[in-house]
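Trainee:
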Amino acid sequence: MLVRRLSASRHIRRLSTTVDQPPVLIETAGRVAILRLSRPSSLNAMTAEMGDAFAEAITELSGRCDEIGAVVVTGAGKAFSAGGDLQFLRDRAEDSAWRNTAVMRRFYERFLSVRKLPVPTVAAINGPAIGAGLGLALACDVRVASPAAKMGVTFVGLGIHPGMGTSHFLPLAVGEQVAARMMLTGEVVGGEQALRERLVASLDEDAEAAAVEVAAQMAAQAPAAVRSCVRTLRTRQEGGLEAALWREADSQAHCYATADYLEGLRALTAKPRAPPSFAGYEECSSDRPPNLG
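Heads up: the sequence shown begins at -9 in this note's numbering, then just goes up one per residue.
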């Protein structure tokens, strides 16, 4: 791990097993921490290593809440996150359904550990937030986006069930009808539409600066009252979350074994790009009750 001073008011901390390419950065600006996904060359695509580093960062920040009053989550470069890393997705087609269920639950848990922070979280959607990337943004308490940002739960276009809690958090944010439309079509929306449909709280050309400003306002309030309010707001959202995560992991695991998933992967990497040609009906779930143990 490496700590380097960026300016008189901001510090950066790199969390990685490989110092050359840290997948997660922690910066501080006053009482606001900025948690940055940092794989800009791949649009901050999410890997298992990034998930481990992210969870480590959450643990660290949770222990610093005497000095940190709010956390901004964002991405390096031009994207928030394009979702699951391509090699991670390819590996899923090679694994068994039972193992993939466990892999996906661990994958979700690492990024959704953001919900364990006792202080408010603000997602700064500075660019594309797609699939699991949007799931991470939805798990934050408040979302601020750039007007140019693109957001979507595009899983069905890849041949898989939605994951990263999107099937739970999206209906809470935008309502059942808009969520159903987005989930079942894989629609990608821009910033203005996201604001109209309550996917984000506000738009700003500099989403990160706006998010830091909102977070600083939160951090300036009475800490005990803010943390208590955070618990109240999140408690209202917790009902059914655990069952939804098991359902997502189980359904994704079964989808990974289908011909349609292989076709989705092929289309994703095809040059020139062309829409997938799905073969037909294959069951993507065991339809067993979720394992809550």
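Note that the Cβ used here is the ideal one computed from N, Cα and C, for glycine as well. These numbers come from a predicted model, not from an experiment.
Do you know whose CA, among Thr248, Leu148, His158 and Ala197, lies nearest alanine 260's CA?
Mentor: The residue you call residue 260 lines up with position 270 of the sequence shown. Nearest C-alpha to alanine 260: Leu148.
Trainee: Under the three-state reduction of DSSP, which class applies to threonine 222: helix, strand or coil?
Mentor: Here residue 222 corresponds to residue number 232 of the sequence shown, with the count starting at 1. Three-state DSSP puts threonine 222 in a helix.
Trainee: With the cut-off set at 8 Å, would you say proline 30 and alanine 83 are in Cβ contact?
Mentor: Taking the sequence shown and counting its residues from 1, one reaches residue 30 at position 40. Taking the sequence shown and counting its residues from 1, one reaches residue 83 at position 93. For proline 30 and alanine 83, no; Cβs fall outside 8 Å.
Trainee: Which of the three DSSP states is assigned to leucine 102 in this structure?
Mentor: As a position in the sequence shown, residue 102 is number 112, starting the count at 1. Helix at leucine 102.
Trainee: Can at least three beta-carbon pairs, one atom from the stretch 183 to 193 and one from the stretch 125 to 143, be found at a separation below 8 Å?
Mentor: Cβ pair count under 8 Å is three or more, so yes.
Trainee: List the whole-angstrom C-beta distance separating threonine 371 from isoleucine 24, where the pair is believed to meet the contact cut-off of C-beta under 8 Å.
Mentor: No answer is possible for residue 371: the residues shown for the chain start at -9 and end at 283.
Trainee: Measuring only the C-alpha atoms, how far is alanine 257 from glutamine 207?
Mentor: Within the sequence shown, the letter at position 267 stands for residue 257. Within the sequence shown, the letter at position 217 stands for residue 207. Each residue's Cα considered, the two are about 45 Å apart.
Trainee: What does the alpha-carbon distance come out to for the pair glycine 199 and cysteine 55?
Mentor: Against the sequence shown, residue 199 aligns to sequence position 209. Against the sequence shown, residue 55 aligns to sequence position 65. It should be pointed out that residue 199 corresponds to alanine in this sequence rather than to glycine. If you take the alpha carbons of alanine 199 and cysteine 55, they lie about 21 Å apart.
Trainee: Three-state secondary structure (DSSP) at isoleucine 48?
Mentor: Position 58 of the sequence shown, counting from 1, holds the residue named residue 48. Helix, per DSSP.
Trainee: DSSP three-state label for arginine 133, please.
Mentor: Reading the sequence shown from its first residue, position 143 is the one you call residue 133. Arginine 133 falls in the strand class under three-state DSSP.
Trainee: Buried or exposed: lysine 140, going by 16 or more other Cβ atoms within 10 Å of its Cβ?
Mentor: Here residue 140 corresponds to residue number 150 of the sequence shown, with the count starting at 1. The residue is buried, with at least 16 neighbouring Cβ atoms inside 10 Å.
Trainee: Please classify tryptophan 88 as buried or exposed, where buried requires at least 16 neighbouring CB atoms within 10 angstroms.
Mentor: Counting from 1 along the sequence shown, the entry for residue 88 is found at position 98. So tryptophan 88 counts as exposed.
Trainee: I'd like the ranges of any beta strand (DSSP E) spanning at least 3 consecutive residues and lying wholly in the stretch 120 to 195.
Mentor: As far as the stretch 120 to 195 is concerned, its whole beta strand (DSSP E) runs of at least 3 residues are 132 to 135, 140 to 142 and 178 to 180.
Trainee: What does the alpha-carbon distance come out to for the pair alanine 113 and alanine 269?
Mentor: Residue mapping note: residue 113 aligns to position 123 of the sequence shown, counting from 1. Residue mapping note: residue 269 aligns to position 279 of the sequence shown, counting from 1. Computed Cα separation, rounded: 37 Å.
Trainee: According to DSSP, is threonine 248 part of a helix, a strand, or is it coil?
Mentor: Start at 1 with the first residue of the sequence shown, and residue 248 comes out as number 258. Three-state DSSP puts threonine 248 in coil, outside helix and strand.
Trainee: Going by C-alpha to C-alpha distance, which of Arg80, Met173 and Pro110 sits closest to leucine 51?
Mentor: Taking the first residue of the sequence shown as 1, we reach residue 51 at position 61. The residue with the shortest Cα to Cα distance from leucine 51 is Pro110.
Trainee: Going by Cα to Cα distance, which pick from Ile120, Ala69 and Ala47 is closest to serine 103?
Mentor: Taking the first residue of the sequence shown as position 1, residue 103 is located at position 113. Ranking the options by Cα distance to serine 103, first place goes to Ala47.
Trainee: At what residues does the alpha helix (DSSP H) containing valine 202 begin and finish?
Mentor: The residue you call residue 202 lines up with position 212 of the sequence shown. Note, valine 202: alpha helix (DSSP H), 197 to 209.
Trainee: Would you mind giving the Cβ-Cβ distance between glycine 123 and methionine 36, rounded to the nearest angstrom? I have them listed as a contact below 8 Å.
Mentor: By one-based count along the sequence shown, residue 123 stands at place 133. By one-based count along the sequence shown, residue 36 stands at place 46. Sure, about 7 Å apart at Cβ, within 8 Å.
Trainee: Give me whichever residues DSSP pairs with methionine 36 in a beta bridge.
Mentor: Here residue 36 is taken as the residue at index 46 of the sequence shown, counted from 1. Paired residues: Gly74.
Trainee: Does glutamine 242 pass the burial test, meaning 16 or more other C-beta atoms within 10 Å, or should it be called exposed?
Mentor: Against the sequence shown, residue 242 aligns to sequence position 252. So glutamine 242 ends up on the buried side.
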